[in-house]
Amino acid sequence: MREWWRCPAGMFSRRRPAMCQTPGQAARPPTVAGGDSAPVKAVAPPKRETRSGARRLPSLSGLRFAASCAVVYTHSMLLIEPRLADTPGPEVWAGGSAVSLFFMLSGFVLTHAARPGDTTAAFWWRRAAKILPNHVLTWCVAVAALAGTGALAASVPAIAAELSSLLLVQTWVPSQRFVSAGNPVSWTLAAEVFFYLLFPVLLRWVRRLSGRGLVVGAATAVAVVWALPVLCEVVVNPGRSFFMDYWFLYMLPISRLPEFVLGMLAARICRMGVRLPRSGVLLAALSVISTIVVSSSYLPHPFMFAAATVVPMVVLVHATAELDLRGKPSLLRWRPVVFLGEMSYAVYLVHLMVLGVAYVSLTSRGWSGLQAVLAALPMALLASYLLYVGVERPCMRRLLALSGRAVRRTEPVDSTHPGRSDTPHGPIPETAEDRSRADAGHRRRGERTTHRTRANDEPPDATPPTARRKGPAGMTTRSKRVADGRPRYQQDLAQGLERFFEPRQAACPWCGSRCVYRRLRTVDCLQRKPGTFVLDQCGSCRHVFQNPRLNAAGLEFYYRDCYDGLGEATMARLASSPIAVRLHRARARALLPLSRPDRWLDVGTGHGHFCAIARKIHPDTEFDGLDIGEGVEIAARRGRITRAYRGAFPDLSGQLSGRYDVVSMYHYLEHTVAPRKELTAAHTALRPGGHLLVEVPDPQSAAARLFGRWWGPWLQPQHLHFIPMENLCSALTAQGFTVVATDRREPHIPTDLTSAAVNALTCVLPSADVPWLPEKPGLLSRAVRPVALLVSAPMLAALFGLDLLLTPLVRGTRFANAYRVVARRD
């Protein structure tokens, strides 16, 4: 074991020999100086890990509980002895070091629990489902309390600070007003969100490291932690402001990233077989405590934020995990301690508010600070329990159910932050009742719970090749496509954009009324292709339409590289995301009360993702697809549909006459030039008694007016018509249909906040290298764009989480962004 780092990662796998060797070589004893061979005792591979034993790390939950106690102790001491804030001692640094432990636990457990097949979207979904419900609720309580006491100023900076706390971006602003806004302890969540966004990329890097690389990486992380205080004192804060030290070294997420990475590296080192003595936990714990006590008296305070305890802390995490991996007795694995560890996220978010309110209330009545704090601690524990049982667990299960995931208690407890318990498959059911309910739901869905959510049982090559695969001369495939497509785009643009538009219409294309006014003017927020687009609205029927409308050449130009070509990989990821999968399932189930069809035609099927999911709900139904792009042919080759029809639906409807029991048009009509002709074609393709399912954006949504040009469903210039529900129902009746159901609840797509922010960012950030630009962006633009995206990522993640939390409140109201109509052919 003394030279374990000389072997590449994976040498301890049970499928490989214990000694380092290349494939096909027999294990040979190494040669010593002089050329003689010296036999070396082979290192036995570790025992195979089991789901019920080695894979779970309950002792880390117990360790998390101990760290939470340190944070509560520090805040209690600051209330009892306010002078400690001016002269920090071990009482203060105990809580600060516990925060460092949280970040290391986060990196360690996420890396230990990760599987190669997981998707980035699934990982982010689970993290959002875990942290956001408690955060949003405690933020609302904190802001309401501040407003009720008059402590919340009605100024723009104050409101901006509170909103930054809600969106978990407050720690990026070096301002006391911002970092203490909302629930003050939520600043650690801002750092965690930053870590979660980077984790998929960091994990790929960590997995590629050999044993030597892991040691070098860990040493580098420790060195960076020690170098940051020096950098702060010399460059960032030469004026020796305590707040600047506090912000840069303690709160800035990028400064805490080395501790998170160190936890990831420790997990990989632990998995490679490095073992510490059983006494390692006790020695590491004593080392942490003694370091805090001694260093607080001798080291400058910038080194106390993290540097002083970084080494003994990571050893403590490693040693604690070893107790579970080796099956050794552990007090931290005691079930009450583990439960308190799982509850400690709620404790962490609640304790400071309860302590503060109780302290102010009781000391004003003559109680001492110590008495007030001791009386408040049981109240804080009770409030934490209620938050954990009444909010955290049910909301987490509900949010994960939205993605269609089954949950099982089979994977390691995730100790990524106080109280967070998660697995690669979702949260861990806490009781036998929860486990039986999760298993029953798993069996009902008839799906195998995997780390990767697939839209269907498709072959491994179903996802388009990655855009960064290397091509000739080291050029990526995407770069080559961009370079090859640039001459064609520049030739099209040189002829002017006017040729892409039809003449402007003076009357409404739906009802013929000449009472038409401008609804909005916008640009291509999706691809940033040149051009300006106007949406007009009819004052009589409320129909919204693009005016002037794109002609055939314009549609070809703006659709090019959107759903196929350069945009194919992105659209495939969106189509297989948890939200898309849930929406597809709901669409397929909408027909269950009405019909059991034999043949189903999905118009505008794209790459056939809906059909692949719907056939699991309707296993006896034959699904065909129709689309104008090449995606429908790809869907047929990959087995997602039985037959592929490529072309315009009105042109093909004659040969499809009376063939189908169901025709579906999910977010298809808004793309068409003549929606009424599409409805006529559907009537032709359906058998008498067959059903037509239509789902479109709702132009009457309150969100459309709230977000204006940034509203995602506008999607200009691809969307040509926006039909109010009343108009669509009337048109269907006129075509010979009977409307049997309408719905504004299930079709709602919970991305309004996120898509609006993305659209706004797309229009202000430097453009990526795309073929419709005259030349490749300069070096400065290429450098600024990824940095700007990285800085905005926490805000986007917070908005996405807020979208999910608001979904139950928005669905079925005027804020819903889509509707569905089910009609029967007479």
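Residue numbers (this note's numbering): 1025 to 1850. Yeah, the Cβ is synthetic: ideal placement off N, Cα and C, and Gly gets one too.
Taking 7 Å as the limit between beta carbons, can you name the residues of its chain near residue i, skipping five residues before and five after?
i	result
residue 1332	1315, 1319 and 1323
residue 1836	1768 and 1769
residue 1267	1200
residue 1103	1379, 1383, 1393 and 1397
residue 1514	1798
Apart from the five residues just before and just after residue i, which ones in its own chain have a Cβ nearer than 8 Å to its Cβ?
i	result
residue 1361	1085, 1086, 1089 and 1355
residue 1161	1411 and 1415
residue 1317	1114
residue 1850	1712, 1760, 1761 and 1762
residue 1101	1108, 1115 and 1116
residue 1530	1538 and 1540
Name the DSSP bridge partner or partners of residue i?
i	result
residue 1647	1624
residue 1574	1525
residue 1737	None; residue 1737 has no bridge partner.
residue 1844	1719 and 1767
residue 1695	Residue 1695 pairs with nothing; no bridge assigned.
residue 1123	Residue 1123 is not bridged to any residue.
residue 1762	1848
residue 1568	1561 and 1746
Three-state secondary structure (DSSP) at residue i?
i	result
residue 1679	helix
residue 1849	strand
residue 1672	coil
residue 1832	helix
residue 1688	strand
residue 1559	strand
residue 1329	coil
residue 1594	helix
residue 1745	strand
residue 1413	helix
residue 1537	coil
residue 1264	coil
residue 1515	helix
residue 1617	coil
residue 1652	coil
residue 1553	coil
residue 1530	coil
residue 1269	helix
residue 1634	helix
Can you tell me where the beta strand (DSSP E) holding residue i begins and where it ends?
i	result
residue 1375	Per DSSP, residue 1375 belongs to no beta strand (DSSP E); it is in the alpha helix (DSSP H), 1359–1387.
residue 1718	1710–1721
So residue i and residue j are in contact, right, with Cβ under 8 Å, and what is the actual spacing, rounded?
i	j	result
residue 1338	residue 1291	That belief does not hold up - the Cβ atoms of residue 1338 and residue 1291 are roughly 10 Å apart, past 8 Å.
residue 1673	residue 1627	5 Å
residue 1188	residue 1202	6 Å
residue 1377	residue 1408	The pair is not a contact, with the Cβ atoms about 11 Å apart (cut-off 8 Å).
residue 1738	residue 1559	7 Å
residue 1616	residue 1694	Actually they are not in contact, since the Cβ atoms of residue 1616 and residue 1694 sit about 26 Å apart, beyond 8 Å.
Provide the residue span of the alpha helix (DSSP H) that contains residue i, from first to last.
i	result
residue 1540	No alpha helix (DSSP H) holds residue 1540; the beta strand (DSSP E) holding it covers 1540–1547.
residue 1246	1235–1255
residue 1655	1655–1661
residue 1281	1277–1295
residue 1753	1749–1758
residue 1200	1200–1203
residue 1154	1144–1173
residue 1186	1180–1190
residue 1586	Counting along the chain, residue 1586 falls outside any alpha helix (DSSP H), and DSSP gives it neither H nor E.
residue 1216	1211–1232
residue 1207	Here residue 1207 belongs to no alpha helix (DSSP H), and DSSP marks it neither H nor E.
residue 1346	1334–1349
residue 1013	Coverage of the chain is limited to positions 1025 through 1850, which leaves residue 1013 absent and any answer about it impossible.
residue 1098	1082–1104
residue 1778	1776–1788
So, for residue i: in the same chain, excluding its five sequence neighbours on each side, which residues have a beta-carbon less than 6 Å away from its beta-carbon?
i	result
residue 1152	1825
residue 1198	1271
residue 1767	1844
residue 1676	1669
residue 1517	none
residue 1454	Residue placement at residue 1454 is flagged as unreliable, the pLDDT there being 35, under the threshold of 50; the coordinate-derived value follows with that caveat. Counting only Cβ-Cβ distances below 6 Å, and skipping sequence neighbours, we find nothing.
residue 1734	1780, 1783 and 1784
residue 1506	1793 and 1795
residue 1049	Confidence is the limiting factor: at residue 1049 the pLDDT is only 37, short of 50, which leaves the residue's position unreliable, though a coordinate-based value still follows. Answer for residue 1049: no residue qualifies.
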